[in-house]
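Novice:
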Amino acid sequence: MDIRFFDDPLEPPRPREDVRIRQIGLFIYPDLRRMAFGVELTPFVERPSIEVQITNGEGAPAGSLHVIETVTPNFSLTMHLRDAQTINPYQLTATLYYSWPDREKIEIERREVTFEVSEPGEQLFKFDD
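As structure tokens, this is what we get:
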């Protein structure tokens, strides 16, 4: 029996300071009010947390998401946009961090992407790690 905890045995898990966001994927649903937020991280030794903030074209908050100590480097969650009417362009900020009960969080990486909510479909943003 071969049990693998990571997808690529040639890529070992990284310590917290070397964990990176590889890509962010967005899938806008047909109602243009919901979207799937997907992320791919590099393999990690310790479980990171991710904070996602979305602002609309006027700079007002349009959505947020917090994932505390993810156990998997790839996941997708549905987000709801707060705006009654679409206000393009939207700015998504994803912050990868670690936290402890007795200390402030330590930000490892921050990625920002701009996207439009005009029609359903997928948008993919890849980064170098």
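Per our numbering: the sequence shown = residues 118 to 246. Beta carbons are placed, not taken as given, at the ideal position from N, Cα and C, and that holds for glycine. Since the structure is predicted, the reported quantities are computational estimates derived from the model, not experimental observations.
(1) Given a cut-off of 8 Å, decide if glutamate 226 and arginine 137 are closer than it, judged by their beta-carbon atoms.
(2) Any idea what DSSP makes of arginine 164, helix, strand or coil?
(3) Could you spell out where the beta strand (DSSP E) holding glycine 176 opens and where it closes?
(4) May I ask which residues mark the beginning and end of the beta strand (DSSP E) holding arginine 227?
(5) Out of Pro165, Glu233, Arg150 and Asp148, point me to the one whose CA is closest to valine 156's CA.
(6) Which value, in whole angstroms, describes the spacing of the CA atoms of aspartate 148 and proline 237?
(7) Where does glutamate 157 sit, in a helix, a strand or coil, going by DSSP?
(8) Given this structure, state the Cα-to-Cα distance separating glutamate 134 from aspartate 219, to the nearest angstrom.
Specialist: Looking at the coordinates:
(1) Here residue 137 is taken as the residue at index 20 of the sequence shown, counted from 1. Here residue 226 is taken as the residue at index 109 of the sequence shown, counted from 1. In this structure, glutamate 226 lies closer than 8 Å to arginine 137 by Cβ.
(2) Position 47 of the sequence shown, counted from the start, is the residue given in the question as residue 164. Residue state, collapsed to three classes: coil.
(3) Taking the sequence shown and counting its residues from 1, one reaches residue 176 at position 59. Run containing glycine 176: none; DSSP gives neither H nor E here.
(4) By 1-based counting over the sequence shown, the position of residue 227 is 110. Note, arginine 227: beta strand (DSSP E), 220 to 232.
(5) The residue you call residue 156 lines up with position 39 of the sequence shown. From the listed residues Pro165, Glu233, Arg150 and Asp148, the smallest Cα separation to valine 156 is found for Pro165.
(6) Start at 1 with the first residue of the sequence shown, and residue 148 comes out as number 31. Start at 1 with the first residue of the sequence shown, and residue 237 comes out as number 120. Answer to the nearest angstrom: the Cα atoms are 8 Å apart.
(7) Walking along the sequence shown from the start, residue 157 turns up at place 40. The three-state secondary structure of glutamate 157, taken from DSSP, is strand.
(8) Here residue 134 is taken as the residue at index 17 of the sequence shown, counted from 1. Here residue 219 is taken as the residue at index 102 of the sequence shown, counted from 1. Approximately 19 Å, taken between the alpha carbons.
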